[in-house]
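Q: Structure in structure tokens, see below.
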Amino acid sequence: MNLLAEAWAWLTDPASWTDGGIPERIAQHLAVTFVVVVIAAVIALPAGIAVGHRRRGGGWVVATSGAARAIPTLGVLTLFALWLGIGLVAPVLALVLLAIPPLIAGAYAGVAAIDHSIPEAARAIGMSEAQIVGRVEVPLAARTIVGGLRSATLQVIATATLAAYISDTGLGRYIIGGLKSRDYAEMIGGSVLVVALALILDAAFALALRLRIFRTTTSARHHERTAL
Amino acid sequence: MTHLRFAISASAIGALTLALGGCATSESLEGNSSSSETIVVGSQDYYSNEIVAEIYAQALETAGYEVERDFRIGQREVYVPDIESGAVDVFPEYSGPLLQFWDETTTATFEDEVYAALVDAAPEGVRILDQSAATDQDSYVVTKALADEYGLVTIADLAKVDEPLTLGGNSEGEDRPNGPKGLKAAYGIEVDFTPIEDGGGPLTVKALKDNQVQLAIIYTANPAIADPELVQLEDPKGLFLASHVVPVVSDKLDARAIEIINTISAALTAEGLVALNTQSIEDEAPASTVAAAWLAEHDVS
Amino acid sequence: MNWLQQNIALVAELTVIHLAITIAAVFLSLLLAVPIGRLAYRWKWVGGPTVAVLAVLYAVPSLPLLIIVPAVTGTPLRSPLNLVMVLTIYGVAVLVRSVVDGFVAVPVSPRTAATAVGYSGWARFWVVELPLAAPIIIAGLRVVLVSTISLVTIGSIIGIRSLGTFFTDGFQRGIVAEVATGVVVTVTLALLLDQLCAVAARRALPWTVPTERRRRSVPQ
Chain A
6 MNLLAEAWAW LTDPASWTDG GIPERIAQHL AVTFVVVVIA AVIALPAGIA
56 VGHRRRGGGW VVATSGAARA IPTLGVLTLF ALWLGIGLVA PVLALVLLAI
106 PPLIAGAYAG VAAIDHSIPE AARAIGMSEA QIVGRVEVPL AARTIVGGLR
156 SATLQVIATA TLAAYISDTG LGRYIIGGLK SRDYAEMIGG SVLVVALALI
206 LDAAFALALR LRIFRTTTSA RHHERTAL
Chain B
324 MTHLRFAISA SAIGALTLAL GGCATSESLE GNSSSSETIV VGSQDYYSNE
374 IVAEIYAQAL ETAGYEVERD FRIGQREVYV PDIESGAVDV FPEYSGPLLQ
424 FWDETTTATF EDEVYAALVD AAPEGVRILD QSAATDQDSY VVTKALADEY
474 GLVTIADLAK VDEPLTLGGN SEGEDRPNGP KGLKAAYGIE VDFTPIEDGG
524 GPLTVKALKD NQVQLAIIYT ANPAIADPEL VQLEDPKGLF LASHVVPVVS
574 DKLDARAIEI INTISAALTA EGLVALNTQS IEDEAPASTV AAAWLAEHDV
624 S
Chain C
263 MNWLQQNIAL VAELTVIHLA ITIAAVFLSL LLAVPIGRLA YRWKWVGGPT
313 VAVLAVLYAV PSLPLLIIVP AVTGTPLRSP LNLVMVLTIY GVAVLVRSVV
363 DGFVAVPVSP RTAATAVGYS GWARFWVVEL PLAAPIIIAG LRVVLVSTIS
413 LVTIGSIIGI RSLGTFFTDG FQRGIVAEVA TGVVVTVTLA LLLDQLCAVA
463 ARRALPWTVP TERRRRSVPQ
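Listed in order, the protein sequences are those of chains A, B and C. To convert, count from 1 in the first sequence and add 5; that's our numbering. To convert, count from 1 in the second sequence and add 323; that's our numbering. To convert, count from 1 in the third sequence and add 262; that's our numbering.
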């Protein structure tokens, strides 16, 4: 328990928060997470939505993303580091690769779950395929897609912590650096910071989802009233 | 009743698995408190150190001792408490850095005075055995290109470099006396620090050659130091203490075990250590094979 | 592969250790998740907060948790028990969700029929509800199995031996074959165990196999 007290002391010590300290590490961690999720989303979401829209190849998507869960993050990070050296490119590349499967799976699941009569009806009234995807399927699948983004973000925060093993990035440095010199205060303090970051972002997503529900519920109710 | 049978057999399998899993975990947990006759050999989280430890372990086993291996414990800050508490009985160490760990203010730099000071500084219950001729020294390395550009021969020459310098090495180097702090204190040179966690391995060399760091800590027993593109800087002020391989043992060892280990130390040379490391890195052989091969050539019984 | 040829014994040894840690953690997760899930399902006022807490736990990144758990419980940092505990936490977080979903999916009629025939609550749970909830629970179990096998490797950063040791050692010595072998063996192990689980599930729960397939395999 004394260790927790030491960690608290490290966290509350103003010296830890000065230039180059905790705020910079948090910013680094957030920046890496953001960049990785955005790049992965740009690649994965259109791909997943397309597969869901065409309703072909879905089995492959599910199978590959299931298998991808088996890939050990540390292994991929190490391989990229041996190939690309120190610096940011190796971890970002590795993390993007690891974030793609769950994002594709989420996007696919969201779109594929839509009852096929809905896009059929949209086709019947003359909407183009692009319009169906953009105006019908994506909004309906939005909750699931955002859910996929949420779990992908959490995964990236966690794996970005590991990236500190191969490069000087993010809050993971407190854990790995502290591990090497057995500075428990730093290790536990760093761990607490990562956990807090993860929980805050998760809560933010939860809030965003709740606000969305709010809107769809209202519009659903609105439709009910007009339908009658 | 197929469902009941299913439930019972599932629970039985589960209980068996738990027992097996439990065996794996509790045994490893209490590993250190097994039979008092067992000698626990430890090693650093450094492949070269693991090879030496494996040599000790295999030699002791051949002599009839029961040996338990606790390798890759971590760096000095992690395992020295284990040595001091007697949880580990035999550990291959390096004289200079270990002395600095126990006595930061030491002024000893050459091999014999370092050894004498080490024996003095060792705490109760810890014995320092004979040191070996084999050395594995920390050293500062720059690329040949940089050395040629500024005429760098010694560490002091780094003052001639007018670009900002970054030092790359294991993260524990940041706070150790032979890291940036020592560099400033002994030579008055300021450097930035980038942690690279591979112990002066391939990533460090790559970073050096890519000019992501200009200075790196690479150990002298590392085969990479022979690379013609790298230059090892001389250390006239003795920032790096003499670093000979020296076994650290607990009181548990009897005279015969001590004799065996001392024989190993006598037989291990500096070139021999580099050869062991080369086998590990270039032939990609595991520590057990490398150690066995060395013991086959050197009779230590 | 030069490295592989020389280190086959080590690969085998670490695979066994890796499996032991995985099976211990997954079994513990199942053992804990079924009663917790059952309670969460029976009493919604327990269920709601429980699922919420578990969702939060699942969001916690693994390496920090590996540091925090020993700090709180006092287990040694480098002990496999530490890793098993952390993996169990994640396993329970995922499985409880599956257990609850599983019980929710059990239709009302078998339950009421069982009561009508005279089964007590306890017997009804074991003979009727659990087998019917099993397919969904096992689906969750497979997810936990696969992700646990992958997560075990993280222990190598703090010195817990497993297939992950190939990553840290290969990193130090720059041996790509070593790291690649670690990745391949881990993934293969995961897929193998996943398939084993699927086959075992089909055996234990024959009614879940689609009828045509069953007719073909079972001689009438």
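Backbone N, C-alpha and C fix where the C-beta goes; we use that ideal spot for every residue, glycine too.
Evaluate residue 291 of chain C with the Cβ neighbour count: other Cβ atoms within 10 Å of its Cβ, from every protein chain shown; 16 or more gives buried, anything less gives exposed.
A: buried
Q: Should the region 161 to 174 of chain A be called in touch with the region 298 to 305 of chain C, which here means at least 3 C-beta pairs below 8 Å?
A: Too few Cβ pairs lie closer than 8 Å, so no.
Q: Reducing DSSP to helix, strand and coil, say where residue 449 of chain B ends up.
A: strand
Q: From this set, C:447, C:464, C:461 and C:369, which residue's C-alpha is nearest residue 394 of chain C's C-alpha?
A: C:369
Q: Run through the region 351 to 419 of chain B for me and flag every whole alpha helix (DSSP H) of 4 or more residues, listed as ranges in chain order.
A: 370 to 385 and 399 to 408
Q: Would you mind sorting residue 133 of chain A into buried or exposed? The rule is 16 or more other CB atoms within 10 Å of its CB.
A: exposed
Q: Residue ranges of each beta strand (DSSP E) run of no fewer than 3 residues wholly in the region 328 to 404 of chain C, ordered along the chain?
A: Runs found: none.
Q: How many Å lie between residue 450 of chain C and residue 271 of chain C at the Cα?
A: When rounded, the distance between both Cα atoms is 18 Å.
Q: So residue 350 of chain C contacts chain A; which residues on that side make the cut at Cβ distance below 8 Å?
A: Residues of chain A with a Cβ closer than 8 Å to the Cβ of residue 350 of chain C do not exist; the shortest Cβ-Cβ separation is about 17 Å.
Q: Please tell me whether residue 326 of chain C and residue 200 of chain A are closer than 8 Å, where the distance is taken between their beta carbons.
A: yes
Q: Cα-Cα, which of C:362, C:304, C:414 and C:382 is closest to residue 352 of chain C?
A: C:414
Q: Could you tell me which chain B residues have their CB closer than 7 Å to the CB of residue 431 of chain C, listed as they occur along the chain?
A: 370
Q: Measure the CB-CB distance between residue 409 of chain C and residue 74 of chain A and report whether it falls below 8 Å.
A: yes
Q: In or out: residue 383 of chain C buried (at least 16 other Cβ within 10 Å) or exposed?
A: exposed
Q: Closer than 7 Å, Cβ to Cβ, to anything on chain A: give me those residues from the region 451 to 485 of chain B, in chain order.
A: Cβ contacts with chain A: none found.
Q: Does any heavy atom of the ligand HEM sit closer than 7 Å to the C-beta of residue 393 of chain B?
A: Questions concerning the ligand HEM fall outside what the structure shown contains, since it holds no ligand whatsoever.
Q: Which residues mark the beginning and the end of the beta strand (DSSP E) in which residue 429 of chain C is found?
A: Not the beta strand (DSSP E): residue 429 of chain C falls in the alpha helix (DSSP H), residues 427 to 435.
Q: How would you list, in chain order, the residues of chain B whose beta-carbon sits under 7 Å from the beta-carbon of residue 182 of chain A?
A: 494 and 518
Q: Counting C-beta neighbours from all protein chains within 10 Å, is the total for residue 346 of chain B 16 or more, i.e. buried, or is it exposed?
A: In this prediction, residue 346 of chain B has a pLDDT of 38, which is less than 50 and means its spatial position is unreliable; nothing more can be read from the coordinates.
Q: Chain C partners of residue 199 of chain A, CB-CB under 9 Å?
A: 322, 323, 325 and 326
Q: Between residue 277 of chain C and chain A, is there a C-beta pair that is closer than 8 Å?
A: no
Q: Please check if any C-beta of chain C sits within less than 8 Å of the C-beta of residue 275 of chain B.
A: Since the displayed chain B opens at 324 and closes at 624, residue 275 of chain B lies outside it and no answer follows.
Q: Apply the 10 Å Cβ neighbour rule to residue 360 of chain B and answer buried if 16 or more other Cβ atoms are within range, or exposed otherwise.
A: Burial call: exposed.
Q: Got a sec: is the Cβ-Cβ distance from residue 507 of chain B to anything in chain A below 8 Å?
A: no
Q: If you measure from the beta carbon of residue 329 of chain C to each beta carbon in chain A, is any gap under 8 Å?
A: For residue 329 of chain C, the answer is yes, since a Cβ of chain A falls inside 8 Å of its Cβ.
Q: Could you give the distance in angstroms between the alpha-carbon of residue 597 of chain B and the alpha-carbon of residue 337 of chain C?
A: 38 Å
Q: Identify the continuous alpha helix (DSSP H) that holds residue 588 of chain B and give its terminal residues.
A: Secondary structure note for residue 588 of chain B: its alpha helix (DSSP H) is the uninterrupted segment 578 to 590.
Q: May I have the straight-line CA-CA distance separating residue 464 of chain B from residue 452 of chain B, to the nearest angstrom?
A: 31 Å
Q: Quick one: Cα of residue 348 of chain B to Cα of residue 342 of chain C, how far?
A: Caution applies to residue 348 of chain B, whose pLDDT of 34 falls short of 50 and renders its modelled position unreliable; the model cannot decide the point.
Q: Does DSSP classify residue 470 of chain B as helix, strand or coil?
A: helix
Q: Let me know if residue 371 of chain C comes out buried or exposed under the rule of 16 or more other beta-carbons within 10 Å of its beta-carbon.
A: So residue 371 of chain C ends up on the exposed side.
Q: Report yes or no: do the region 454 to 462 of chain B and the region 525 to 544 of chain B share at least 3 C-beta pairs separated by less than 8 Å?
A: yes
Q: If you drop the 5 nearest sequence neighbours on each side, which residues of the same chain put their C-beta closer than 6 Å to that of residue 29 of chain A?
A: none
Q: Kindly indicate if chain C contains any beta-carbon less than 8 Å away from that of residue 71 of chain A.
A: yes
Q: Can you name the residues of chain C whose CB is closer than 7 Å to the CB of residue 491 of chain B?
A: Residues of chain C whose Cβ lies closer than 7 Å to the Cβ of residue 491 of chain B do not exist; the shortest such Cβ separation is about 15 Å.
Q: Decide yes or no for the touch test of the region 416 to 434 of chain C against the region 456 to 465 of chain C: beta carbon pairs closer than 8 Å, at least 3 of them.
A: no
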